[in-house]
């Protein structure tokens, strides 16, 4: 069923004539008659009846007419409000600068910027990765940012939140993600509910050439390859069942699994005393709302929307 079928049916009942309704709708009489017939076939009952005084609705047709008219009226009202909302978004303009840790920069550059462009096309977003690997409160003074996305080990999160509140900043924790292992489904470990640190000795880990081998590589049997991107590494694992990759970001997991159907993601269950595999927390830090510019408020709204399912 299509909405225009309901609109055509309503017009026929109002006009009491196929020819008059067709003229008002700027379509041919046969096309209008066929639309009504299709609607009747789909609903399994007659909606109109012909009489000397013109076309009238059947008893069932009258119910459909009353409900359909109400539905289309509500839809028209909603469409008008959506148009107003879209027009309002054009009024917001300016620039917003966001600082982020390197592991979230790719996510910001793709998902957030695209979403912001759709919602607020006149707002320009600048993403400024922190010089180090970890979140720094100095970004709010030295880098002149009002919003920052950060990541830290789970054990450090309470201290970061306390420090943010001391500085008068708002702190919002939005996800905790434990490391997972990306494996080829042909690898025996891919069928397990989770892998242990001892299991890791059965595979070689892939790394990126711009990063020195991280401390966690000592838990694996060796390094299988060095690739420039996660996608290239996933492609390598897709062809080499003995290789693996560590994954944390859920957005990256979804993208890889949707592209490479022969890969599997298995959680790593590690001893809490092994910091390399401690869950990573992602959080949002920003200045109080009243201190943000209109453009920064728009950017923050989009960030919260996208991070809610991160």
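Residue numbers (the working numbering): 153 to 462.
Think of the CB as a built atom: it goes at the ideal place given N, C-alpha and C, for glycine as much as any other residue.
Within 10 angstroms of the beta-carbon of residue 450 lie 16 or more other beta-carbons, which makes it buried. Residue 420 and residue 442 have their alpha carbons spaced roughly 42 Å apart. Shortest Cα-Cα distance from residue 202 to any of 393, 178, 274 and 164 involves 164. Rounded to whole angstroms, residue 422 and residue 331 show a C-alpha spacing of 9 Å. Residue 377 and residue 358 have their C-alpha atoms roughly 5 Å apart.
Distance check between residue 287 and each of 303, 396, 310 and 245 places 303 closest, using alpha-carbon atoms only. Straight-line spacing of the CA atoms in residue 200 and residue 217 works out to 10 Å. According to the DSSP assignment, residue 164 belongs to the alpha helix (DSSP H) that extends over 155 to 167. Scanning its chain for C-beta atoms nearer than 6 Å, with the 5 sequence neighbours on each side dropped, one finds around residue 313 the residues 323, in chain order. The beta carbon of residue 347 is closer than 8 Å to those of 333, 341, 418, 419, 420 and 421 in its chain, skipping five residues each way along the sequence. Rounded to the nearest whole angstrom, the C-alpha separation of residue 459 and residue 270 is 16 Å. With respect to residue 405, residue 399 sits close: the two C-beta atoms are nearer than 8 Å. Around the beta carbon of residue 225, fewer than 16 other beta carbons sit within 10 angstroms, so the residue counts as exposed.
Around the beta carbon of residue 356, 16 or more other beta carbons sit within 10 angstroms, so the residue counts as buried.
Residue state for residue 275 is assigned as strand, using DSSP reduced to three classes. Under DSSP, the beta-bridge partners assigned to residue 323 are 437. Nearest in C-alpha terms to residue 297, of all of 154, 457, 438 and 456, is 438. In the structure shown, residue 344 falls within a coil segment according to DSSP collapsed to helix, strand and coil.
Judged by DSSP in its simplified three-state form, residue 174 adopts helix. If you draw a straight line from the Cα of residue 360 to the Cα of residue 154, it comes to about 52 Å. The Cβ neighbour count for residue 182, taken over all protein chains shown within 10 Å, is under 16; the residue is labelled exposed. The C-beta distance from residue 415 to residue 335 rounds to 7 Å, short enough to meet the 8 Å contact threshold. Under the rule that a run must span 4 or more residues, the alpha helix (DSSP H) segments found entirely inside the segment 345 to 397 read 382 to 391. DSSP, reduced to helix, strand and coil, places residue 427 within a helical segment of the structure shown.
For secondary structure counted as the beta strand (DSSP E) over 3 or more consecutive residues, the segment 184 to 209 holds these complete runs in sequence order: 200 to 203 and 206 to 209. The beta carbon of residue 212 is closer than 6 Å to those of 197 in its chain, skipping five residues each way along the sequence. Scanning 338, 426, 205 and 408 for the CA closest to the CA of residue 305 turns up 426. For the set 386, 436 and 432, the Cα lying nearest the Cα of residue 412 is the one of 386. Judged by DSSP in its simplified three-state form, residue 444 adopts coil rather than helix or strand.
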